[in-house]
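Here is the structure we will look at, set down as structure tokens.
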Amino acid sequence: MDKIGIVAEGNVVLALDCRGQGGLSQDNTETSGMTLKGLIVRGIDEGYGNLYYVRQFMDLMSATKILANFDFVDETNISAQGASQGGGLAIACAALSPLIKKVTATYPFLSDYRKAYELGAEESAFEELPYWFQFKDPLHQKEDWFFNQLEYIDIQNLAPRIRAEVIWILGGKDTVVPPITQMAAYNKIQSKKTLYVLPEYGHEYLPKISDWLRENQ
């Protein structure tokens with residue numbers, strides 16, 4: 305029902321149910337790794353090909369193709385949008401699917417894992433990174449290998465592939481997804497892009513931003 309306003313404006317909405325995140329979709333990742341914390345590292349012990357978000361990115365591509373095939377959908381005017389994890393997935397979707405023509409991403413997650421770790425990830429959305437080292441590699445003997453695997457699901461590495469127009473919104477005081485990690489991806493986007501920064505806000509509801517975007521786009 306939270307998408308009903310978008311539908312009321314005459315849009316078709318496809319909302320992706322992320323695997324194993326409380327909806328009907330199940331996460332069938334088979335891994336010998338830990339499940340104590342988070343999805344970024346889920347499947348990493350088997351290498352990047354088994355990462356949870358690899359499958360999630362594939363779901364994005366499949367969902368976009370399905371959407372475009374409906375008779376009532378204008379396949380030349382498909383947009384992706386989301387916030388936090390949803391924002392990161394919207395960016396990934398635009399990078400992986402040429403069907404996406406416009407993206408609105410609000411404080412997107414899933415970028416620059418090494419920088420997030422260096423900033424002290426324990427208090428952010430990246431908290432599973434230090435947990436992995438604590439439980440799996442306390443001497444950091446596999447640190448380079450670990451971050452190399454995560455490069456495969458880092459949206460900053462996908463960003464140069466985007467051809468869609470991008471609107472990026474962030475809160476200047478965001479401690480959950482630090483702005484510096486977001487900018488690592490934003491700066492690599494080569495298509496038309498616009499950045500909106502709300503200096504007094506963090507990772508929270510951003511008042512009036514939706515109305516403002518409607519009036520100014």
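Every number in my numbering is 304 more than the matching position in the sequence shown, counting from 1.
Beta carbons: idealized from backbone N, C-alpha and C, even for Gly.
Per the coordinates, the alpha-carbon of Val316 lies some 31 Å from the alpha-carbon of Thr333. Fully contained in the region 470-517 are the following alpha helix (DSSP H) runs of length 4 or more, in chain order: 483-490. Here the C-alpha atom of Ala425 lies approximately 7 Å from the C-alpha atom of Pro434.
At a Cβ-Cβ threshold of 8 Å, Leu414 and Asp363 do not count as neighbours. Judged by DSSP in its simplified three-state form, Lys307 adopts coil rather than helix or strand. Around the beta carbon of Asp416, 16 or more other beta carbons sit within 10 angstroms, so the residue counts as buried. In the displayed model, Ile457 falls within a helix according to three-state DSSP. Val345 sits buried, since 16 or more C-beta atoms from the chains shown fall within 10 Å of its C-beta. Cβ contact annotation for Cys397 (same chain, cutoff 7 Å, sequence separation greater than five): Leu364, Thr368, Ala384 and Ile404, in chain order. Between Ile466 and Ile484, the C-beta gap is not smaller than 8 Å, which leaves the two residues out of contact. With contact defined as three or more Cβ pairs closer than 8 Å, the region 469-478 and the region 506-514 are in contact.
The DSSP-derived three-state label of Ser329 is coil. Beyond the five residues adjoining it in sequence on each side, Ala468 comes within less than 7 Å, by CB distance, of Ala398, Ile404, Lys405, Lys406, Val407 and Ser495 in the same chain, given in chain order.
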